[in-house]
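Visitor: In terms of the numbering used here, the sequence shown opens at residue 68 and continues consecutively. Pasting a structure below so you can have a look.
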Amino acid sequence: MVGRCPDAAVRVPLNLQQWHLVTFLHWRVEAALLQPMFPRRLVVDEVDGSGWIGVTPFVMRQVRAPGWPVPVVRDFVEVNVRTYVQGPDGRDGIWFFSLECGRLPVVAALRTIGLPYVRARTAVRTPGRSRVEYASRRQRGGGEMLVRARPGAPLPEPDALANGLTGRWNAYTERCGRLWRVPVEHEPWPLCEAQAQVDVGRLLAANGLPTPNAHPLVHHAPVVHVRVGAPRPA
68 MVGRCPDAAV RVPLNLQQWH LVTFLHWRVE AALLQPMFPR RLVVDEVDGS GWIGVTPFVM
128 RQVRAPGWPV PVVRDFVEVN VRTYVQGPDG RDGIWFFSLE CGRLPVVAAL RTIGLPYVRA
188 RTAVRTPGRS RVEYASRRQR GGGEMLVRAR PGAPLPEPDA LANGLTGRWN AYTERCGRLW
248 RVPVEHEPWP LCEAQAQVDV GRLLAANGLP TPNAHPLVHH APVVHVRVGA PRPA
């Protein structure tokens, strides 16, 4: 279930990863707008009374197979555009509208399991100890974004809203007409307060989503160590 800690252990991981410099940007949106945008077997999981659109840029590091000390791909920046759903059995999770990535092997491999990876030129800069800048531009289709984040103090006790938006332990995908669930496990998010300047309208438009007319709710986490399980039928 949604929350600060994983709802189940991933005992036999398919791969191991580290997620660094994670910034969460969230906007409220009418649940009725989101519902037609994913399979009918999924329903919008409302948090604090509404649906949400999320944009989450971060740096993917140390992607490797269990027991294999060498990463299988070099570090890269990923930007995912997401919302939150419940599956047919009531499990909550993430539905990705897109995952922007600059590594062609990653895009090609993960599209085979139904994840909507898109080839994009992505970058991250840390011009100061308290700033992180992310950029992404698709090679085709016009999706583009720029985010300047300023992480702040750690949140010793994240509230229910922060946990409801960040504490997700499953991702849903559809492949060959069948719904699949991908479980993940990592330590509780070390969330920080954060502020951000954002330009994400073109990226959201490329996914058929509206441009927000309000400032996002922003959180940041420096790093988590992730175990990803094998996809299983939902």
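Ideal placement from N, C-alpha and C gives every residue a C-beta, glycine not left out.
If you draw a straight line from the C-alpha of L109 to the C-alpha of W94, how long is it?
Guide: Those two C-alpha atoms are separated by around 20 Å.
Visitor: Given a cut-off of 8 Å, decide if S203 and V146 are closer than it, judged by their beta-carbon atoms.
Guide: Yes, Cβ-Cβ distance for V146 and S203 is below 8 Å.
Visitor: Helix, strand or coil, according to DSSP, for Q84 in the structure here?
Guide: Here Q84 sits in strand by DSSP.
Visitor: Who are the Cβ neighbours of P106 in its own chain at under 7 Å, not counting the five residues just before and after it?
Guide: Answer for P106: E241, L246, listed in chain order.
Visitor: To the nearest angstrom, how far is the alpha carbon of W256 from that of V290?
Guide: Answer to the nearest angstrom: the Cα atoms are 8 Å apart.
Visitor: My output table needs one value for V249: the three-state DSSP class, helix, strand or coil.
Guide: It is a strand residue.
Visitor: Buried or exposed, going by whether 16 or more other CB atoms sit within 10 Å of the CB of G160?
Guide: Answer is buried; the Cβ neighbour count reaches 16.
Visitor: Shortest alpha-carbon distance to G118 belongs to which of T193, A288, Q153, E167?
Guide: Nearest C-alpha to G118: Q153.
Visitor: Let's see if you can read the secondary structure: which residues bound the beta strand (DSSP E) around L276?
Guide: Counting along the chain, L276 falls outside any beta strand (DSSP E), and DSSP gives it neither H nor E.
Visitor: Using 8 Å as the threshold, is the C-beta distance between T233 and H286 below it?
Guide: The answer is yes: Cβ separation under 8 Å.
Visitor: If V144 sits next to Y184, beta carbons under 8 Å apart, how far is it from one beta carbon to the other, in whole angstroms?
Guide: Not a contact, Cβ separation roughly 13 Å.
Visitor: Please give the ranges of any beta strand (DSSP E) in the region 191-251, keeping only runs that are unbroken, at least 3 residues long and fully inside the region.
Guide: Listed in chain order, the complete beta strand (DSSP E) runs (minimum 3 residues) inside the region 191-251 are 198-205, 211-221, 237-242.
Visitor: Could you check the C-alpha separation between R170 and T90 for me, to the nearest Å?
Guide: Their Cα atoms are separated by approximately 20 Å.
Visitor: If you count every other CB in all the chains shown that lies within 10 Å of the CB of A99, and 16 or more means buried, which is it?
Guide: Per the 10 Å Cβ criterion, exposed.
Visitor: I'd like to confirm the pairing. Which residues does DSSP put opposite F163 in its beta bridges?
Guide: The partner list for F163 (beta bridge, DSSP) reads R149.
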